[in-house]
Amino acid sequence: WLARLDSSRWLGHVKAALSTACLAAQCLDREDSKVLVHGAEGTDTTLLVTALAQLILDPSCRTMEGFQALLQREWIEAGHPFQLRCARSAAAHGRGKQEAPLFLLFLDCVWQLSRQFPLSLEFGEQLLLTLFDNAYASSYGTFLCNSERER
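Using my numbering, you'd call the opening residue of the sequence shown number 237 and step up by one each time.
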């Protein structure tokens with residue numbers, strides 16, 4: 237198990253995401269700088285970094301209501317392609333070419349922050365697990381589409 241975890245470089249991705257978000261947050265907060273975050277399409281790492289930076293900087297994003305608003309604004313309305321990225325489901329066969337667990341990476345980063353700063357978040361591990369479950373097998377349809385138009 238540990239060998240597979242190591243070969244996936246998952247923990248390196250978690251570290252890179254948190255480091256980048258912390259750098260963006262530091263530039264905004266301490267240096268009063270403007271920050272431009274842009275990945276290839278603006279729907280993957282861009283959303284990951286900006287959502288994490290907001291969670292770090294804005295205490296309202298650490299409340300249940302604020303976190304839900306953050307997810308709605310930064311992941312759903314911004315157009316993260318959940319269907320393509322979270323393709324592994326009961327109906328999926330094999331691994332999709334565009335499958336990438338970016339939302340899972342975000343949830344893991346939030347979990348890591350909750351472990352480092354246990355009193356900072358109003359919500360806990362159970363919410364993160366529920367979000368993970370719904371991203372891959374949603375009963376509500378929130379995470380089943382690639383865009384707001386499809387929803």
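Every residue gets a Cβ at the ideal spot worked out from N, C-alpha and C, and that includes glycine.
- Here the alpha carbons of L340 and E361 stand approximately 13 Å from one another.
- Judged by beta-carbon spacing, A257 lies beyond the 9 Å limit of A305, meaning their Cβ atoms are not closer than that value.
- F342 places its beta carbon 9 Å or farther from that of A252.
- Setting aside the 5 residues that flank it on each side, S350 is surrounded in the same chain by L357, each with a C-beta closer than 6 Å to its C-beta; the list follows chain order.
- Where C258 is concerned, the enclosing alpha helix (DSSP H) starts and stops at W246 to D265.
- Taking a 10 Å sphere around the C-beta of R298, we find 16 or more other C-beta atoms and assign the residue as buried.
- For A260, the closest of W246, L293 and F318 by C-alpha to C-alpha distance is L293.
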